[in-house]
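With the first letter of the sequence shown counted as 1, position 33 gets the number 109 in our numbering; the numbers rise by one all the way through. Glycine included, each C-beta is placed from N, C-alpha and C at the ideal position.
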Amino acid sequence: MSDLPLIALVEDEDHLADALLFNLRAEGYRVHHEADGNSALNWLLHTPERPAAVLLDVMLPGLDGFAIARNLRAAGNYTPVLMLTARDRPEDVLNGFESGADDYLNKPFDLSILLARLHGLLRRTRWQQQAAVPEEPAPAIDVPDERDVPERFDLDGKVIRFDLLEIQAPDRITRLTVMEADLLRYLLARQGRIVPRKEILEEVWRVREDTDTRAIDNFIVRLRRYLEDDPAKPRHLLTVRGVGYRFVTEPASTA
């Protein structure tokens, strides 16, 4: 097996696929190309060598990119996904994230921007996988910057492992997408503070246009299922009605 990273390219426009294949290989990647959604999902679910990342077009024959990403995550496949979309409305970008994408890029795009996004996604994933784990569990303290959030964070008998992209509980292990981990890390870095929905859109997802910020709620619901003993009565990931959310590691006894 080659040491060169394998990239899965799912793109049905021949001229764009040819250009990406040429340039990705010139950058030192191996590339597997699929041109329709059904065959792409089948290959991604059954390939013996999981790719380092997926470049996934949204508009495809057969299954679209949203459906492919949802099916991958439902199958427990957390390969990083960079979604390529001609749909540039913020709602469509959020739909991509909700489906399980880790980053997005609007068409038409500059090749250098795509390569930079891909390099960044691979680097971020590699950092999380190789991050040193502290010998002692880190205490729950007020952390001013998400870069200072420890790779291992203990919370009510659960262990958030940012280095492994998972949450470990006594009875199960829950995998996180890169985007879910980024959102959770952002909230942990600001624990005790109110974080507005608009701030999450701009700082975590880089969506800087007016959109329905309630789309974030679906991500919060998932994180509550992962973290809370009773997601319907959260003790840590709290809603501040009409504003946003607040993460607390040590809830008050009356909460």
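- Taking C-alpha positions only, ASN118 is separated from GLY318 by approximately 42 Å.
- Less than 8 Å divides the Cβ of ASP178 from the Cβ of LEU197.
- Annotation for LEU136: no beta strand (DSSP E) segment contains it, and DSSP assigns it neither H nor E.
- In this model, LEU187 and ALA95 are separated by some 9 Å (Cα to Cα).
- Between the region 136-146 and the region 155-163, the count of Cβ pairs shorter than 8 Å is three or higher; the stretches touch.
- If you draw a straight line from the Cα of THR123 to the Cα of PHE173, it comes to about 24 Å.
- Within the same chain, ALA111, ASP112, ASP133, LEU136 and PRO137 come within 7 Å of ASP88 by CB-CB distance, once the 5 residues on both sides are set aside.
- Counting the other CB atoms within 10 Å of its CB gives ASP258 a total of 16 or more, which places it among the buried residues.
- DSSP, read as helix, strand or coil, puts LYS183 in coil.
- Beta-bridge analysis with DSSP links ILE243 to ILE236 and THR250.
- Apart from sequence neighbours up to five positions away, the residues of its chain that approach THR250 with a beta-carbon distance below 7 Å are GLU242, ILE243 and TYR302, ordered along the chain.
- For TYR302, the enclosing alpha helix (DSSP H) covers residues 292-303.
- Residue burial annotation: THR315 is exposed, with fewer than 16 other C-beta atoms found within 10 angstroms of its C-beta.
- Judged by beta-carbon spacing, VAL130 lies beyond the 8 Å limit of VAL107, meaning their Cβ atoms are not closer than that value.
- Counting C-beta atoms within 10 angstroms of its own C-beta, LEU277 has 16 or more neighbours from the protein chains shown and is therefore classed as buried.
- Ranked by how close their Cα comes to the Cα of GLU304, the residues GLY268, PRO127, ASP293 and GLY233 have GLY233 in first place.
- For ARG106, the enclosing beta strand (DSSP E) stretches over residues 106-110.
- HIS312 and LEU92 have their C-alpha atoms some 46 Å from each other.
- Around the CB of ALA116, 16 or more other CB atoms lie within 10 Å, so the residue is classed as buried.
- For LEU117, the enclosing alpha helix (DSSP H) starts and ends at 113-122.
- With fewer than 16 neighbouring CB atoms inside 10 Å of its own CB, LEU121 falls in the exposed class.
- In this chain, ASP230 is not harboured by any alpha helix (DSSP H); it is covered by the beta strand (DSSP E) spanning 228-231.
- Beta-bridge partners assigned by DSSP to GLY320: PRO272 and VAL316.
- Here VAL297 is exposed: its Cβ has fewer than 16 other Cβ atoms, across all protein chains shown, within 10 Å.
- Exclusion of the five residues before and after ASN294 leaves GLU174 as the residues of its chain whose Cβ lies within less than 7 Å of its Cβ.
- In the DSSP assignment, the residues bridged to MET159 are LEU132 and TYR180.
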